[in-house]
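Trainee: Residue numbers (the working numbering): 437 to 1096. Just dropping this structure here.
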């Protein structure tokens, strides 16, 4: 009896001692090894205590500073400032040199540009790609160019704020913060603005887990993984080693002596993160950077393939300022600055053709750039402590490549990217993947309560970690009844909306429901390709489905290209169509639109029309677990054209339809 009494005494002393500490100070600043408490004249501990002082009662708050990182960049910047004596003008998103500083206005009577000191137009002298001389007059101010080198410093403060329920020795909130500033003090001050509680309320209905990481696991990666699990709220999380570590450092060793261990109730599952590998390196790479230049660009882009795959794009020089048309009679290219769509490029010796249809021209910069490569991988094992078995296991890896400095415009201005932020992005992506994987192993489950029309009451809520937007699958006697989405969450119940019911099924009270990530999605999109004796075309639009997966009606917009065997040129028809379901494979439609024709080449002829009829289709849903399907169909109807004379034309249209 001595040993149990001793343990009880230790627990009582522990409880009173901790509460005594909390009465005096319930906020602790904890620095990772090799992280200084004072940095560039800023007392980090003092500043963080000022920022995170508002701690809830019966709570121990730990601000854990994981890293302080400084990055310095030097980059080239080109700026343009308004200056009446400047030699650059602004056109289509960029700046271009001009030798003329005169201003002009447009004389509509003479249909010409005349000099005027107050005019809105300037003359862009070096504009060889202008189709005609008038195109060189543009609306712009004058600008002067300034080139300079800019040095920038960024400070990154990584920390996480942990709120611990001191009664249950339970982590109820863990929030990672990455704060960035141009000075270190600014980064510290921003950390409080970025903080918001990532609260996970303890509940006996949740899954008890312990999370363990091997010693090599990166501290920042660990933060984001724990925070993602914390945000999920379906778990009671006990990071046992971390809590032991914190309490040893903070107070227990001083209060009760060495060798005192915290007591935790046995978890049902252990999430073990193992085999951590992290590798980074910097390499150099030669890259082409293309920048559009519609004024005097000398290059077009050409694709280079290797083993049948696109390997790169390279610049190819063209004959600047000359457009060509193809003369089919003489089988040659002729200069045509007004309507020509071809340009001539300087071909390689093995090429037979030197003309290509092109309207986009470029300047380019060829540069050797430094690239940061970052790789992370680890293994997650999920252990059932009662059975002593692994119930889930998966390896995760992430590779990212970031160019640290690269040109962003024709003038060589540069932009920089952060090595540090590349790592953080990797950790965030991996933590999301881990959360999704574990959700599939531990789907939420509950009982369906009251049912009213398409509304359902689920007999669980915050107590098991239900969140708005989660989708549940209703099950009865082993068969799926349908799916519903959570719309509102309360402490122990949730409101939900049914969005899909399987054919011949219905939801029933007191049956089970499981959270699911795979469920029918209703995009409501319909695509059609059709043809008739004088036309072919496409239609696209919206289809309305009911919760049983059947469609009711739809609205389509379409274009049909008309072809004629009489040598006339047809511009096609544009129409709007509405259809309504009568049975699964039979519906009626009504459409109207405009029929465009150009018979003379000078006069545009158009007529309005309306049509109606029936549609017979082979439509079948892809499965009972999905909306939509594919069908061949035939439309039979009458088309009425309202022109100089009223024409009634019978129609037969055949087509292919896909509903999503």
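Every residue gets a Cβ at the ideal spot worked out from N, C-alpha and C, and that includes glycine.
1) Rounding to the nearest angstrom, what Cα-Cα distance links residue 630 and residue 597 in this structure?
2) Which class does residue 710 belong to by DSSP, given the choice of helix, strand or coil?
3) Could you have a look at residue 482 and say whether DSSP puts it in helix, strand or coil?
4) Please work out which residues of its chain come closer than 7 Å, Cβ to Cβ, to residue 862, disregarding the five sequence neighbours upstream and downstream, and give them in chain order.
5) Can you grab the Cα-Cα spacing for the pair residue 926 / residue 897, in whole Å?
6) I'd like the ranges of any beta strand (DSSP E) spanning at least 3 consecutive residues and lying wholly in the segment 862–939.
7) I'd like the span of the beta strand (DSSP E) that includes residue 497, first residue to last.
8) In angstroms, rounded to a whole number, what distance separates the CA positions of residue 1044 and residue 1060?
9) Which residues does DSSP list as the beta-bridge partners of residue 1025?
10) Quick check on the burial criterion: 16 or more other C-beta atoms within 10 angstroms. Buried or exposed for residue 741?
11) Is residue 457 helix, strand or coil when you go by DSSP?
12) Using DSSP bridges, identify the partner residues of residue 1076.
13) Within 10 angstroms of the Cβ of residue 1082, are there 16 or more other Cβ atoms? Answer buried if so, exposed if not.
14) Quick one: give me the first and last residue of the alpha helix (DSSP H) that residue 644 is part of.
15) Alpha carbon to alpha carbon, how far is residue 793 from residue 846? Give it in angstroms, no decimals.
16) Buried or exposed for residue 459, please, with buried defined as at least 16 other CB atoms from any protein chain shown within 10 angstroms of its CB.
17) Near residue 708, which residues of its chain fall below 6 Å by C-beta distance, leaving aside the five closest residues on each side in sequence?
18) Please confirm whether residue 652 and residue 899 have their CB atoms less than 7 Å apart.
19) Here's a check: name, in chain order, each residue in its chain whose Cβ is nearer than 8 Å to the Cβ of residue 907, leaving out the five neighbours to either side.
20) Under three-state DSSP, which class holds residue 539?
21) So what does DSSP say about residue 1096, is it helix, strand or coil?
22) Tell me the residue span of the alpha helix (DSSP H) that contains residue 836.
23) Going by C-alpha distance, which of 1018, 469 and 971 is nearest residue 1010?
24) Which residues in the same chain have their Cβ closer than 7 Å to the Cβ of residue 614, if we skip the five residues on either side of it in sequence?
25) How many Å lie between residue 607 and residue 984 at the Cα?
26) In or out: residue 477 buried (at least 16 other Cβ within 10 Å) or exposed?
27) In chain order, what residues of the same chain have a beta carbon less than 6 Å from the beta carbon of residue 819, not counting five sequence neighbours either side?
28) Which residue wins for smallest C-alpha separation from residue 849, given the options 829, 712, 560 and 530?
29) Where in the segment 932–980 do unbroken runs of the alpha helix (DSSP H), each at least 4 residues long, occur, reported from the N-terminal end onward?
30) Going by the CB atoms, is the gap between residue 871 and residue 668 shorter than 7 Å?
31) Between residue 1184 and residue 582, is the Cβ-Cβ spacing less than 7 Å?
32) Within 10 angstroms of the Cβ of residue 489, are there 16 or more other Cβ atoms? Answer buried if so, exposed if not.
33) Is DSSP giving residue 796 helix, strand or coil here?
34) Quick check: the Cα distance between residue 559 and residue 534, rounded to an integer number of angstroms?
35) With a threshold of 16 other CB atoms inside 10 Å of the CB of residue 622, please say whether the residue is buried or exposed.
36) CB-CB under 6 Å to residue 659, same chain, minus the five flanking residues each way: which ones, in chain order?
Mentor: Taking the geometry as given:
1) If I take the Cα positions, the gap works out to 11 Å.
2) DSSP places residue 710 in strand when its eight states are reduced to three.
3) Helix.
4) Excluding sequence neighbours, residue 862 sits near 810, 812, 834 and 836.
5) Spanning the two alpha carbons is a distance of roughly 5 Å.
6) Contiguous beta strand (DSSP E) elements confined to the segment 862–939 occur at 881–888, 891–894, 907–912, 915–925 and 930–937, taking only those with 3 or more residues.
7) Looking at the DSSP string, the run of the beta strand (DSSP E) that includes residue 497 is 495–518.
8) Near 42 Å, if we compare the C-alpha coordinates of residue 1060 and residue 1044.
9) DSSP, once it has assigned bridges, lists 1015 and 1049 as partnering residue 1025.
10) It is exposed - the Cβ of residue 741 has fewer than 16 other Cβ atoms within 10 Å.
11) Caution applies to residue 457, whose pLDDT of 38 falls short of 50 and renders its modelled position unreliable; the value that the coordinates give is listed next. In the displayed model, residue 457 falls within a helix according to three-state DSSP.
12) In DSSP, residue 1076 forms a bridge with 1046 and 1084.
13) Exposed, since its Cβ has fewer than 16 Cβ neighbours within 10 Å.
14) Premise fails: residue 644 lies in the beta strand (DSSP E), 643–649, not in any alpha helix (DSSP H).
15) In this structure, the alpha-carbon of residue 846 lies about 24 Å from that of residue 793.
16) Caution is warranted here: a pLDDT of 37 is assigned to residue 459, below 50, making its placement in the model unreliable, and the coordinate value is therefore given only provisionally. A residue is called buried when at least 16 other Cβ atoms come within 10 angstroms of its Cβ; residue 459 does not meet this threshold and is exposed.
17) The beta carbon of residue 708 sits closer than 6 Å to the beta carbons of 648 and 817 from its chain, once the five residues preceding and following it are set aside; these are given in chain order.
18) Result no, Cβ atoms of residue 652 and residue 899 do not sit closer than 7 Å.
19) Hits under 8 Å: 919, 920, 921, 922, 951, 952, 953 and 955.
20) In the structure shown, residue 539 adopts extended strand secondary structure according to DSSP, grouped into three states.
21) Coil, per DSSP.
22) DSSP places residue 836 outside any alpha helix (DSSP H); the residue lies instead in the beta strand (DSSP E), whose first and last residues are 825–839.
23) Of the candidates 1018, 469 and 971, 971 places its Cα closest to the Cα of residue 1010.
24) Answer for residue 614: 592, 594 and 860, listed in chain order.
25) C-alpha separation (whole angstroms): 44 Å.
26) Burial call: exposed.
27) If we look at residue 819 and ignore the five residues flanking it on each side, its Cβ neighbours are 706 and 826.
28) The candidate whose alpha carbon is nearest that of residue 849 is 530.
29) Correct list: empty.
30) The criterion of a C-beta distance shorter than 7 Å is satisfied by residue 668 and residue 871.
31) Since the first and last residues shown for the chain are 437 and 1096, residue 1184 lies out of range.
32) Classification of residue 489: exposed, given that the 10 Å Cβ count is below 16.
33) Secondary structure at residue 796: coil, using DSSP grouped into helix, strand and coil.
34) Those two C-alpha atoms are separated by around 7 Å.
35) Classification of residue 622: exposed, given that the 10 Å Cβ count is below 16.
36) These residues qualify, in order along the chain: 596 and 612.
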